[in-house]
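Residue numbers (the working numbering): 94 to 532. Cβ atoms here follow ideal geometry from the backbone N, Cα and C, with glycine treated the same way. If you're wondering where the values come from, they're calculated on a predicted model, not measured in any experiment. Have a look at the structure below, then the notes.
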């Protein structure tokens, strides 16, 4: 048979397959070994990770006590395990041990050069910081979460709270607007916006926010504030916005649900502006029964007595306020008018001087509050708050804020002026010098 015959070719191919088979088997064996090793490693890791998954499952079920026990048990064997520390911190938050949770999470952040990418841990940390009233730190964490969860009401809602607490009203209104776009959260957002406007003294916008709620929820039910509190705020803002009849209706509801001196005093004003003077007097007297030193009611009753030419009765109503630590210029002016009507020149002049001093002080506070209302800079907000505290002679509190600000900007000239005044308990820099400060 010739060399090139089919029979000879078949034998050659068979020999070639026999030579290749050992190599093929070796490759397959190595591949199988590699897969087995990978499966083994994965299986070992899965098995080793099982206690942490169990702890996470306990947290999902809100079984914080058992999660705490299991976390401590795991950490006794692996004391530097970051995941276990985070799970323990979440357990502490669930058990309302917020200071301990905060401390542990701070340690985790230091160990990991920043905080691990763990949304559940950040949420838990923000809860503890909110309970501890660490508004600035809570805001920072919630803002981080809001980047990845921009439409999560459980993030936007507390974020708005932190901004309100820090008087960052512009930021808070923007966050509340984002919250209002989420289905079923429009009324909660409106309550927040209304509260901000109320705190700012912007009664017209506040009343508009309250009206948006009342139009569909006249009983103010299922809101984040009690109906009595809601009607009190809404009634005050409608009164200041020039709607005394609507104010009276809302304040009557508030007085029935949550009676307070302030509510009765404002209700008296609403009655007075709707020509119901007898009911106004009754409400003001009721306010004093509930709150003996209620300023609004005593001022209104004294003014009513002065209109009737009875200076002695006016003095009887207003006298309990003369030693008030927070005496208002409006109260001092009533004293001035009383003594003028009684033809007591010495006391008239004395109270005239006090009126001037109090009005100057109130003007400073009003100017600072206006600046705070539009401030979006944490540094500028801190500076204004320190100035306001110093103006009220709360020197130690002002010094604490100044120390924090100087740690960031030690060479700011206007800050040094304020710091010097606080150190010496001296005269504060004039308000017009603040215009030179550029936050």
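query                                                                                                                                  : result
Residue 426 versus residue 397: straight-line alpha-carbon distance, rounded                                                           : 14 Å
C-alpha distance - residue 485 paired with residue 443, whole-angstrom precision                                                       : 22 Å
Contacts around residue 128, its chain only, beta-carbon distance under 6 Å, and the 5 residues preceding and following it disregarded : With a pLDDT of 45 at residue 128, under the threshold of 50, the predicted position of this residue should be treated as unreliable, though the coordinate-derived value follows. Cβ within range, chain order: n/a, list empty.
Whole-angstrom distance between residue 460 and residue 156, CA atom to CA atom                                                        : 51 Å
Cβ pair residue 273, residue 283 closer than 8 Å                                                                                       : yes
8 Å Cβ cutoff met for residue 389 and residue 355                                                                                      : yes
Among 477, 145, 262, 421, the one whose alpha carbon lies nearest that of residue 180                                                  : 145
Stretch-stretch touch, CB-based, cutoff 8 Å, three pairs: the segment 421 to 438 with the segment 218 to 229                           : no
Beta carbon of residue 363 nearer than 8 Å to that of residue 394                                                                      : no
Span separating the alpha-carbon of residue 519 from that of residue 490                                                               : 16 Å
6 Å Cβ shell around residue 185 - same chain, five flanking residues per side excluded                                                 : 193, 194
Beta-carbon separation (whole angstroms), residue 219 vs residue 231, contact threshold 8 Å                                            : 5 Å
Same chain, Cβ closer than 6 Å to residue 339, five either side skipped, listed in chain order                                         : 331
Three-state class that DSSP yields for residue 278 in the structure shown                                                              : coil
beta-carbon residue 280 near the ligand PLP non-hydrogen atom, thresh 7 Å                                                              : Although the ligand PLP was asked about, the structure shown includes no ligands whatsoever.
Sequence-distant residues of the same chain with beta carbon closer than 7 Å to residue 422, five excluded per side                    : 448, 451, 452, 455
Reference residue 320; option with closest CA among 303, 336, 334, 333                                                                 : 303
Three-state secondary structure assigned by DSSP to residue 411                                                                        : helix
Backbone CA spacing between residue 143 and residue 149 [nearest angstrom]                                                             : 10 Å
Ordered list of alpha helix (DSSP H) runs contained in the segment 140 to 190, each at least 4 residues                                : 157 to 170, 175 to 187
Outcome for residue 294 when other beta-carbon atoms lying within 10 angstroms are tallied against a minimum of 16                     : exposed
For residue 249 and residue 237, believed in contact at Cβ under 8 Å, the rounded distance                                             : Their Cβ separation, rounded to whole angstroms, is 13 Å, which puts residue 237 and residue 249 out of contact at 8 Å.
Cβ-Cβ distance between residue 392 and residue 374 below 8 Å                                                                           : no
Pick from 161, 487, 316 that is closest to residue 189, judged by C-alpha positions                                                    : 161
Residue 401 versus 418, 380, 475, 370, residue with shortest Cα-Cα distance                                                            : 370
Collapsed DSSP secondary structure at residue 317 in the structure displayed                                                           : coil
Under 8 Å between C-beta atoms of residue 349 and residue 361                                                                          : no
Closest by C-alpha distance to residue 522, when choosing among 334, 492, 480, 500                                                     : 480
With 16 other Cβ atoms within 10 Å as the buried cut-off, status of residue 336                                                        : buried
Own chain partners of residue 314 with C-beta closer than 7 Å, once the 5 adjacent residues on each side are dropped                   : 320
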